[in-house]
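In what follows, a single structure is set out as structure tokens and then discussed.
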Amino acid sequence: MSGWSKITETKIKFLFFPITLFYWGVIFWRNIFYNFNFFVSRKIPTKVISVGNITAGGTGKTPAVIYLSQIFKKRNYKVAVLSRGYGRKTAGTQLVTAGKDKVLDWRNFGDEPTLISQKLEDIPIVVDQNRHRGAMYLIEKFNPDIIIMDDAFQHRSIERDLDLVLLNSQAPISDYRLIPHGLLREPIRHLKRADAIILTKFNLGKPEQKLISKVKKS
Numbered sequence: 011m012s013g014w015s016k017i018t019e020t021k022i023k024f025l026f027f028p029i030t031l032f033y034w035g036v037i038f039w040r041n042i043f044y045n046f047n048f049f050v051s052r053k054i055p056t057k058v059i060s061v062g063n064i065t066a067g068g069t070g071k072t073p074a075v076i077y078l079s080q081i082f083k084k085r086n087y088k089v090a091v092l093s094r095g096y097g098r099k100t101a102g103t104q105l106v107t108a109g110k111d112k113v114l115d116w117r118n119f120g121d122e123p124t125l126i127s128q129k130l131e132d133i134p135i136v137v138d139q140n141r142h143r144g145a146m147y148l149i150e151k152f153n154p155d156i157i158i159m160d161d162a163f164q165h166r167s168i169e170r171d172l173d174l175v176l177l178n179s180q181a182p183i184s185d186y187r188l189i190p191h192g193l194l195r196e197p198i199r200h201l202k203r204a205d206a207i208i209l210t211k212f213n214l215g216k217p218e219q220k221l222i223s224k225v226k227k228s
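Residue numbers (the numbering used here): 11 to 228.
Written out as structure tokens, the structure is:
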């Protein structure tokens, strides 16, 4: 890296420092409030599996949700999928599909729930920014044995029976700094909340060894 590039990078880090500090503060206190039960994770009357990550960007969550849904369905469990529906133009609780009907406009639900609906049959999918409300809608309308929550590691309003976190094994270690300097949505030590950590994209090459070391230390 040239001297000019280093100076520019330092200036950018300095400019973004207040944003980083504020973001750290929000994440820190939010998790503290959950850890000490000032914020409550509510139990719902069915099994819940969360599939999430701690970074912005693709780690393979959507294929994992599809795969798990298919596995449980083959074992004769009634499965439902719950997502926030990022990027949609609607609000509130929205039924993406009851398991049969096709999505006509992905903008109503977001691209990921739409993709999931194209890959799954006989599995209801709901989007709701309020995960608890969306889960209760699924229970009332479909009575599933299992709800699989997409991208829910940071959404702690619902207790989960299994908390899965996916990490991109090919991502450079520089990505594992907090937003905006990297891609971390929360500190990597928070992986200790997960029941299992899955490293994805091994087919693309050897995993980042420094990442594996960080995961082991967490």
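Backbone N, C-alpha and C fix where the C-beta goes; we use that ideal spot for every residue, glycine too.
Thinking just about the alpha-carbon of each residue, which of the options is nearest to the one in residue i?
i, options, result
"LEU174", "GLY35, PHE212, ILE64 and ASN47", "ILE64"
"LEU125", "THR100, ILE168, ALA74 and TYR87", "ALA74"
"ILE76", "ARG143, ASN140 and SER127", "SER127"
"ARG143", "LEU194, LEU130, ASP115 and ALA101", "ALA101"
"LEU214", "GLY70, VAL58 and LEU92", "GLY70"
"GLY109", "LEU92, TYR96, ARG98 and ILE59", "LEU92"
"ASP160", "SER60, GLY35 and ASN45", "SER60"
"VAL235", "LYS211, PHE119, LYS129 and LEU31", "It is not possible to answer for residue 235, since the shown part of the chain is limited to 11 through 228."
"TYR96", "LEU31, ALA162 and ASP155", "ALA162"
"ARG203", "ASN45, HIS191 and LEU31", "ASN45"
"THR103", "LEU148, ARG117, PHE49 and THR210", "LEU148"
"THR72", "LEU130, PHE32 and TYR186", "LEU130"
Which two residues bound the contiguous beta strand (DSSP E) that contains residue i?
i, result
"LYS57", "57-62"
"LEU176", "172-178"
"GLN104", "104-107"
"VAL137", "135-137"
"ILE207", "206-210"
"ASP155", "That residue, ASP155, is in no beta strand (DSSP E); it is neither H nor E in DSSP."
"VAL89", "89-93"
Alpha helix (DSSP H) containing residue i: first to last residue?
i, result
"LYS145", "Reading the sequence as shown, one finds Ala at residue 145 and not Lys. Segment 141-152, the alpha helix (DSSP H) holding ALA145."
"VAL75", "71-84"
"VAL225", "219-227"
"LEU125", "121-129"
Compute the distance between the beta-carbons of residue i and residue j, then report whether it is under 7 Å.
i, j, result
"VAL106", "ILE135", "yes"
"SER228", "LEU201", "yes"
"ILE157", "VAL58", "yes"
"ILE37", "GLU196", "yes"
"ARG94", "GLN164", "no"
"PRO229", "VAL89", "The structure shown has nothing for residue 229, since the chain only spans 11 to 228."
"ILE133", "SER79", "yes"
"ALA66", "LEU193", "yes"
What is the DSSP secondary structure of residue i, counted as helix, strand or coil?
i, result
"ASN213", "helix"
"ARG52", "strand"
"THR100", "coil"
"MET11", "Below a pLDDT of 50, predicted positions are generally treated as unreliable, and MET11, at 48, falls in that range; the measurement from the model is reported next regardless. DSSP places MET11 in coil when its eight states are reduced to three."
"LEU114", "coil"
"LYS16", "Because the pLDDT at LYS16 is just 49, under 50, the model does not fix this residue reliably, and the value given afterwards should be weighed accordingly. Helix, per DSSP."
"LEU193", "coil"
"ASP160", "strand"
For the 8 Å Cβ check, are there 3 or more pairs between the region 209-226 and the region 159-179?
-> By the C-beta criterion, the region 209-226 is judged to be in contact with the region 159-179, since at least 3 inter-stretch pairs fall below 8 Å.
Is it true that the region 44-60 meets the region 161-172, where meeting means three or more beta-carbon pairs spaced less than 8 Å apart?
-> Output reads yes: the region 161-172 touches the region 44-60.
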